[in-house]
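Asks: Anchor point for the sequence shown: position 18 equals 18 in full-length UniProt numbering, and the numbering is continuous, going up by one each time. Every residue gets a Cβ at the ideal spot worked out from N, C-alpha and C, and that includes glycine. Note that the structure is predicted; figures quoted are calculated from it, not measured. Submitted below is the structure of interest, expressed as structure tokens.
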Amino acid sequence: MVAKKLSAPNVTKTRLLDATEALFIKYGYDAVLLRQITERAQVNLAAVNYHFGDKDSLMKTLLMQRLEPLNEQRLELLARCEAESDGPLDCDTLLGVLFAPAMGLERSDPASGEGRSFIRFLGRVYSDTSPFIQEYLKVHYQPVFQRFFEAFALALPDLPRNELGVRLQFALKAISGVMAGTELRLLMNSMSLGRPATDAEVMAKLITLVSAAIRVPQQSPEAQTALAKVLDTQRAIREQASTPA
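Listed below in structure tokens is the structure:
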């Protein structure tokens with residue numbers, strides 16, 4: 001099949017989006033300047049204004065293109081798994097539903113690097129602290145997060161909802177840190193001791209770690225007391241070090 005040739009305006013838009021993605025992955029949203037984007041895309045500032053308007057609109061377009069198909073796949077997979085189950089899905093299965101589409105993209109077309117780029121992009125999105133990115137996720141991800149939250153609530157009925165919310169956020173942040181800052185394929189090889197590993201095997205290892213963090217019993221008073229003692233000891237050491245001899 002002959003590839004469809006892009007028109008000049010579409011080529012410019014694609015170059016701007018690709019440049020924005022690469023710089024965002026490397027530096028984060030707030031640190032990226034429009035000048036850096038135009039230099040990397042080899043276009044002038046007028047091209048950004050013409051096609052997108054400003055940096056925020058450019059980034060919104062990128063986020064929509066990259067994330068909306070992923071979330072559609074997640075919701076479709078969740079609905080299908082629920083329909084095929086006799087009861088509520090368990091925690092491990094729900095994490096699999098969250099991770100499977102992203103893992104599939106990681107393994108797709110490795111020669112082009114597009115899957116790897118997407119994985120790192122997704123990791124940066126979840127871990128980026130800029131108000132712009134956080135507000136975008138709050139508005140556009142809320143329905144998806146709420147859908148999964150209710151499924152996790154059914155899987156873990158004894159866990160208070162506020163505690164569940166904290167743990168799910170922690171789990172997403174934890175895995176996003178790995179995705180944004182680590183060569184995931186090297187991690188996969190390490191986890192499988194250098195031998196070829198299937199998607200299911202790699203995913204199962206990651207899910208085991210994250211699932212344990214979600215399902216662990218709530219902290220006990222004894223644990224809080226032990227931590228408070230450590231903090232008191234640290235404070236005493238600092239005070240002693242700052243006291244003149």
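By DSSP, does Leu-45 sit in helix, in strand, or in coil?
Replies: The residue given as residue 45 occupies position 45 in the sequence shown. Correct three-state label for Leu-45: helix.
Asks: Following the continuous alpha helix (DSSP H) through Gln-65, name the residue where it begins and the one where it ends.
Replies: As a first step, residue 65 is located in the sequence shown; it is residue number 65 there, counting from the start. Run containing Gln-65: 55 to 83, per the alpha helix (DSSP H) assignment.
Asks: Are the segment 39 to 49 and the segment 81 to 96 in contact at 8 Å, needing three or more beta carbon pairs?
Replies: Cβ pair count under 8 Å is below three, so no.
Asks: I need the DSSP call for Gly-115, collapsed to helix, strand or coil.
Replies: Taking the first residue of the sequence shown as position 1, residue 115 is located at position 115. Bear in mind that the predicted position of Gly-115 carries a pLDDT of just 45, short of 50, making it unreliable; the figure below should be weighed with that in mind. Here Gly-115 sits in helix by DSSP.
Asks: Between which residues of its own chain and Leu-231 is the CB-CB distance below 6 Å, once the five residues before and five after are set aside?
Replies: Here residue 231 is taken as the residue at index 231 of the sequence shown, counted from 1. So no residue of the chain qualifies.
Asks: If you check the beta carbons only, do Pro-101 and Arg-80 fall under 8 Å apart?
Replies: Mapped onto the sequence shown, residue 101 falls at position 101. Mapped onto the sequence shown, residue 80 falls at position 80. Their beta carbons are not under 8 Å apart, which means Pro-101 does not touch Arg-80 by this criterion.
Asks: Is the Cβ-Cβ distance between Thr-61 and Phe-52 less than 8 Å?
Replies: Against the sequence shown, residue 61 aligns to sequence position 61. Against the sequence shown, residue 52 aligns to sequence position 52. Closer than 8 Å, so yes.
Asks: Which residue marks the beginning of the alpha helix (DSSP H) containing Ala-153, and which one marks its end?
Replies: As a working mapping, residue 153 is identified with position 153 in the sequence shown. Looking at the DSSP string, the run of the alpha helix (DSSP H) that includes Ala-153 is 131 to 155.
Asks: Can you check which of these residues, Thr-12, Arg-147, Asp-56, is closest to Glu-72 by C-alpha distance?
Replies: Locating residue 72 in the sequence shown gives position 72, counting from the first residue. The shortest Cα separation from Glu-72 among Thr-12, Arg-147, Asp-56 belongs to Arg-147.
Asks: Tell me which residue opens and which closes the alpha helix (DSSP H) that Arg-235 is part of.
Replies: The residue given as residue 235 occupies position 235 in the sequence shown. That run of the alpha helix (DSSP H) goes 221 to 242.
Asks: What residue from Leu-95, Ser-85, Ile-25 has the CA that sits closest to Arg-66's CA?
Replies: Counted from its first residue, the sequence shown places residue 66 at position 66. Taking only the C-alpha atoms, the option nearest Arg-66 is Ile-25.
Asks: My assumption, with CB atoms under 8 Å, is that Ser-130 sits in contact with Tyr-27. Please give the rounded CB distance.
Replies: Here the question's residue 130 lines up with position 130 in the sequence shown. Here the question's residue 27 lines up with position 27 in the sequence shown. Contact doesn't hold; Cβ gap of about 11 Å is too wide.
Asks: Nearest CA to the CA of Leu-98: which residue from Ser-117, Ala-83, Leu-77, Asp-86?
Replies: In the sequence shown, the residue the question calls residue 98 occupies position 98. Nearest C-alpha to Leu-98: Leu-77.
Asks: Please return the same chain residues whose Cβ sits closer than 7 Å to the Cβ of Lys-13, not counting the five positions on each side in sequence.
Replies: The residue you call residue 13 lines up with position 13 of the sequence shown. Taken in chain order, the residues that qualify are His-51.
Asks: Which word fits Phe-121, buried or exposed, when buried means at least 16 other C-beta atoms lie within 10 angstroms of its C-beta?
Replies: The sequence position of residue 121 within the sequence shown is 121, counting from 1. Burial call: buried.
Asks: Specify whether the segment 151 to 171 and the segment 212 to 220 touch according to this definition: at least 3 beta carbon pairs, one from each stretch, less than 8 Å apart.
Replies: Judged by Cβ distances under 8 Å, the segment 151 to 171 makes contact with the segment 212 to 220, as three or more pairs qualify.
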